[in-house]
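Undergrad:
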Amino acid sequence: MLNVIVNPRSLRGTGKRLLEKIGERLDAWGGEYRIFRTERKGQATELARQLTEEGERTIVAMGGDGTMNDVLSGLTHTDECSFGLIPAGTGNDFATSAKIPFGMDALELILTAEAKPTDYIQFDDGRRSLNIAGLGIDVDVLQRCERMKLFHKKVKYFLSLLVSLMKFRGYRVEVDVNGETSVRTALIAAVCNGKFLGGGIPLCPPAEVADGKMDLIVVDCPARRKILPALIRLMKGKILSLPFAHHTLCDRAVITPGQPSVAQYDGELWETKALGATLVAGKLKMFRG
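For the record, in the sequence shown the residue sitting at position 1 is 1 according to my numbering, with numbers rising by one throughout.
#1: Which of helix, strand or coil does DSSP assign to T38?
#2: Helix, strand or coil: which one does DSSP assign to E114?
#3: Using a Cβ distance threshold of 8 Å, determine whether the region 271-283 contacts the region 98-111, with at least three qualifying pairs required.
#4: With respect to the beta strand (DSSP E) encompassing Q264, which residues constitute its N-terminal and C-terminal limits?
#5: Taking the beta carbon of I121 as the centre, do at least 16 other beta carbons fall within 10 Å, making it buried, or is it exposed?
#6: For V163, is the classification buried or exposed, using 16 other Cβ atoms within 10 angstroms of its Cβ as the cut-off for buried?
#7: Contact between the region 156-175 and the region 126-144: three or more CB pairs below 8 Å?
#8: Nearest to E304 by CA position, among V209, L2, N92, L203, is which residue?
#9: Specify, as a first and last residue, the run of the alpha helix (DSSP H) that R9 falls within.
#10: Entirely within the region 146-179 and at least 4 residues each: give me those alpha helix (DSSP H) ranges in chain order.
#11: Let me check understanding here. Comparing Cα to Cα, which of F168, V280, I5, V155 lies closest to P87?
#12: Tell me the rounded alpha-carbon separation between T96 and A245.
#13: Rounded C-beta distance between P257 and V173? I'm assuming under 8 Å.
#14: Given 8 Å as the limit, is there contact between the region 40-54 and the region 69-79, that is, 3 or more CB pairs closer than that?
#15: What are the start and end residues of the alpha helix (DSSP H) that includes R57?
#16: What did DSSP end up calling K283 once you bin it into helix, strand or coil?
#17: Ends of the beta strand (DSSP E) at G31?
#18: In its own chain, which residues sit with a C-beta less than 7 Å from the C-beta of A189, not counting the 5 before and 5 after it?
#19: One question on the structure: do G194 and I132 come within less than 7 Å of each other, judged by their Cβ atoms?
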């Protein structure tokens with residue numbers, strides 16, 4: 001049985017028509033399938049948990065990275081599951097890293113290809129991440145976006161970024177990795193399985209989704225006059241070339257903020273006391289390139 005979990009609110013542009021076409025293609029396919037439409041935050045996680053506890057093993061998320069994260073975080077028996085993604089949201093960064101096509105091509109991949117071993121990140125608080133999770137100015141921007149009600153999403157992001165550039169002071173974090181502990185004031189502190197965040201920003205170009213390693217990125221918060229140049233380097237995929245950017249390969253890392261904070265997990269915002277992250281290497285089978 002193919003189980004598709006859709007977040008209708010995340011579907012961008014032609015996403016609603018795409019959902020209709022997917023239903024038509026699945027009818028023609030002839031196999032058994034069900035489509036579940038979520039109506040509230042957290043429901044995708046509940047559905048994924050319920051389905052896999054009932055013995056279903058082929059689960060597909062349709063939407064953006066947030067929908068993908070919600071479904072992933074609900075899976076039980078992950079080492080037995082085949083997980084598909086049909087990118088159709090406003091943020092589809094993991095699809096780019098995993099070479100998952102868009103539109104109907106993503107469904108054809110699920111129907112015709114074999115699922116491949118894929119890494120994911122497991123957190124001590126029960127959350128998971130396929131792409132990137134962390135703290136920093138990106139979270140500050142997302143929080144400001146959520147509080148704005150009157151503008152288009154891209155306008156809200158731009159305005160929020162301007163405000164963050166003027167007001168962001170950095171996160172004081174303790175970082176534990178590979179037996180070493182350091183305390184830093186971070187512009188960004190994140191664990192990465194994928195390369196991109198924020199709609200195509202290349203935070204960690206070296207990351208691979210099935211290399212058996214997690215990438216820890218910590219960018220120290222520079223003097224205010226250097227924040228904008230640092231973000232420009234980030235947009236160009238060159239943030240790791242800066243002397244105050246630190247990149248470490250690991251299996252386990254803990255990022256502890258000085259006080260309980262909001263972190264992003266594949267673009268989903270959740271409060272956390274610490275990001276205790278462990279790489280689960282190759283245990284999830286996923287339809288990808």
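Beta carbons: idealized from backbone N, C-alpha and C, even for Gly.
TA: Put simply:
#1: Position 38 of the sequence shown, counted from the start, is the residue given in the question as residue 38. In the displayed model, T38 falls within coil according to three-state DSSP, outside both helix and strand.
#2: On the sequence shown, position 114 is the one that residue 114 refers to. Taken through DSSP and simplified to helix, strand or coil, E114 comes out as coil.
#3: Below 8 Å, too few C-beta pairs join the region 271-283 and the region 98-111 to call them touching: fewer than three.
#4: Position 264 of the sequence shown, counting from 1, holds the residue named residue 264. For Q264, the enclosing beta strand (DSSP E) has its first and last residue at 261-265.
#5: Position 121 of the sequence shown holds residue 121. Buried is the call here.
#6: Translated into the one-based positions of the sequence shown, residue 163 becomes position 163. Residue environment analysis places V163 among the exposed positions, since fewer than 16 neighbouring C-beta atoms fall within 10 angstroms of its C-beta.
#7: The region 126-144 and the region 156-175 touch, with three or more beta-carbon pairs separated by less than 8 Å.
#8: Since the first residue of the chain shown is 1 and the last is 289, residue 304 is not available in this structure.
#9: Start at 1 with the first residue of the sequence shown, and residue 9 comes out as number 9. Counting along the chain, R9 falls outside any alpha helix (DSSP H), and DSSP gives it neither H nor E.
#10: Taking only runs of at least 4 residues, the alpha helix (DSSP H) segments lying wholly in the region 146-179 are 153-167.
#11: One-based indexing of the sequence shown puts residue 87 at position 87. For the residues F168, V280, I5, V155, the minimum Cα distance to P87 belongs to I5.
#12: Position 96 of the sequence shown, counting from 1, holds the residue named residue 96. Position 245 of the sequence shown, counting from 1, holds the residue named residue 245. Approximately 24 Å, taken between the alpha carbons.
#13: Mapped onto the sequence shown, residue 257 falls at position 257. Mapped onto the sequence shown, residue 173 falls at position 173. The beta-carbon separation of P257 and V173, rounded to 5 Å, stays under the 8 Å limit for a contact.
#14: They touch, by the three-pair rule.
#15: Looking up residue 57 in the sequence shown gives position 57. Per DSSP, R57 lies in no alpha helix (DSSP H) segment and is marked neither H nor E.
#16: The residue given as residue 283 occupies position 283 in the sequence shown. In the three-state DSSP reduction, K283 falls in the strand class (E or B).
#17: Numbered from its first residue, the sequence shown carries residue 31 at position 31. No residue range can be given for G31, since it is assigned to no beta strand (DSSP E) and is classified by DSSP as neither H nor E.
#18: In the sequence shown, residue 189 corresponds to position 189, counting from 1. So the qualifying residues of the chain are G134, L135, G136, Y171, V173, V175, V218, I255.
#19: Stepping through the sequence shown from its first residue, residue 194 is reached at position 194. Stepping through the sequence shown from its first residue, residue 132 is reached at position 132. Yes, these two residues count as a Cβ contact at 7 Å.
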